[in-house]
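Residue numbers (numbering that gives the first Met the number 0), protein chains in the order written: chain A, 0 to 242; chain B, 0 to 242.
2 protein chains.
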Amino acid sequence: MEKPKLEVCLSPALLHLYNTEEAVVVIIDVFRATSTIATALYNKAKAVIPVANVDECIELGNSIENSVTAGERNGHIVEGLQHGNSPSEYGREFIEGKTLVLTTTNGTKLLHMIHGADTIITGSFVNLSAVCDFLVKKNRNVLLACAAWKDRFNLEDTLFAGAVVNTVKDCFDINCDSARAAETLYNSMDGGQPIDFLRNSSHYRRLSAYGLENDMAYCATIDLHPVVPYLKHTELLIHEPIL
Amino acid sequence: MEKPKLEVCLSPALLHLYNTEEAVVVIIDVFRATSTIATALYNKAKAVIPVANVDECIELGNSIENSVTAGERNGHIVEGLQHGNSPSEYGREFIEGKTLVLTTTNGTKLLHMIHGADTIITGSFVNLSAVCDFLVKKNRNVLLACAAWKDRFNLEDTLFAGAVVNTVKDCFDINCDSARAAETLYNSMDGGQPIDFLRNSSHYRRLSAYGLENDMAYCATIDLHPVVPYLKHTELLIHEPIL
């Protein structure tokens, strides 16, 4: 039987080169959108609604009962919003039962660029194994889509893509140089921790300047939150396990 | 003293994210344009004129005395042109004193997309050390620009960029995740030969189907042709050594 294909897209500016029709698309924004999304849903948020800009975030927050609006730019909570992009803000005692309306620089924008996919899910190290298990059981073509930084290639999203490739490669037909490069990056860690590899990345340096080292260590921790967030209409919810 | 910057652009579709003004831009199309260019000039071609399309190639070939037109698509010489893209076609006995008018799928197109640069040069493994030496002596901002494959990231151009980063990094300020990833790929060879790393690349598979394995082994051989091709108006010529 023919295996489904798996490809890796390194930047939203390259998305037009890939066919997402009927595929499972994994949105990857390790620092920090897709780490925060997995955290909030694992901690029983009712839903996470990703929005592309601040105005939409405020408007939606006003119209939804028991909601929290969240978004940062340059390490600070955006004026008019209530919370930031840090996963540490979304513990169970705070977020349980609430709807998180979230805008971020890269990840939520990419999510809205995907059209015609069978399923859109979000991935980060915190839900690595759950994502891999989902992809294998779905048995469909996969695009791992890195959110990057303002369209620039970044290490953390690519490293996560490499971790997925390394885990699921026997179940897919992979003829994609981006996937090979991502896996080579992952293998270069040689059993080390992702955060050690990522300390020299542009984004780590940027967020360190805001004192967010703990956030990044959290985002790079494997399998803290074994859930698969998927997009249902406009909301991200936890996908039921596929048996 | 502040060091100049070095960045790596992984695809022409990302070129708009980089500032090439007053920079040295290295066009990289390992399989095979920039390998063939170095070969022809090393073998005393009078000049290589890179052109974006076949019509221009034929027209220019007709207007220049003692010229050779060259271009392939899908592994075959394009109708109306005289030669292919293989470096093996451009031995000294054939190309000495002639002007090579060359069109290729990716490299020559990228070259025409660069604006405002101080100097545009071409790089491949065959002239790796000459390129590195040039960049260090020029002491200006550098963009290593991968030609990629129809805008898709490729391994061979990125691996070459990584080889350059690895060689010159002490002389530049590098805060670019693409450069870090490229160098990690290069280091993952662990002293091995580029061609061994590249046998699993998309382009290797594509060109192998046309029986071009020897071509690719040639293109991945380090320092066969220690020249620095640079663009002067519309022609690529050998740059004088910088003392």
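For every residue, glycine included, the Cβ atom is placed at its ideal position computed from N, Cα and C.
Everything numeric in this text was worked out from a predicted model, so none of it was measured.
Below-8 angstroms beta-carbon distance, residue i vs any chain A residue
i, result
"B:L184", "yes"
"B:S187", "yes"
Amino acids of chain B, ordered along the chain, whose beta-carbon sits closer than 8 angstroms to that of residue i
i, result
"A:S201", "N174, C175, D176"
Residue i at chain B interface by Cβ criterion, 8 angstroms
i, result
"A:A12", "yes"
"A:N105", "no"
"A:L9", "yes"
Listed by chain order, chain A residues near residue i by CB distance under 8 angstroms
i, result
"B:D150", "L13, L16"
"B:R179", "L154, N199, S200"
Chain B residues whose Cβ lies nearer than 7 angstroms to that of residue i
i, result
"A:N153", "D176"
Beta-carbon neighbours of residue i, restricted to chain A and to distances below 9 angstroms
i, result
"B:A144", "In chain order: nothing, as chain A lies at least about 14 angstroms away."
Residue i, enclosing alpha helix (DSSP H) - first and last residue
i, result
"B:A178", "176–187"
"A:L134", "127–137"
"A:S201", "201–207"
"A:V167", "154–167"
"B:L40", "32–41"
"B:C218", "212–218"
Burial state of residue i (16 or more Cβ within 10 Å)
i, result
"A:M215", "buried"
"B:Y217", "buried"
"A:F93", "exposed"
"A:L242", "exposed"
"B:E155", "buried"
"A:S201", "buried"
Endpoints, the beta strand (DSSP E) within which residue i is located
i, result
"A:R72", "66–72"
"A:P49", "46–49"
"B:P279", "Shown here, chain B extends from 0 to 242; a query on residue 279 of chain B therefore has no answer."
"B:I120", "118–122"
"A:T102", "98–102"
"B:L142", "141–145"
"A:L109", "No beta strand (DSSP E) holds A:L109; the alpha helix (DSSP H) holding it covers 106–110."
"A:C8", "5–8"
"A:E20", "Note, A:E20: premise wrong, no beta strand (DSSP E); not H, not E."
Test: residue i CB closer than 8 angstroms to a CB of chain C
i, result
"A:F30", "Annotation note: the requested chain C is absent from the structure, which comprises protein chains A and B."
* **Residues of the stretch 80–112 of chain B whose Cβ lies closer than 9 angstroms to any Cβ of chain A, in chain order** => Going along the stretch 80–112 of chain B in chain order, one finds no residue with a Cβ nearer than 9 angstroms to chain A.
* Near-chain B residues of the stretch 24–43 of chain A - C-beta to any C-beta below 8 angstroms -> none
* To do: For the stretch 155–170 of chain B, enumerate the residues whose C-beta is nearer than 8 angstroms to any C-beta of chain A, in chain order.
  => T157
* To do: Using a Cβ-Cβ cut-off of less than 9 angstroms, give me the residues of the stretch 205–216 of chain A that come near chain B, in sequence order.
  => Residues: none.
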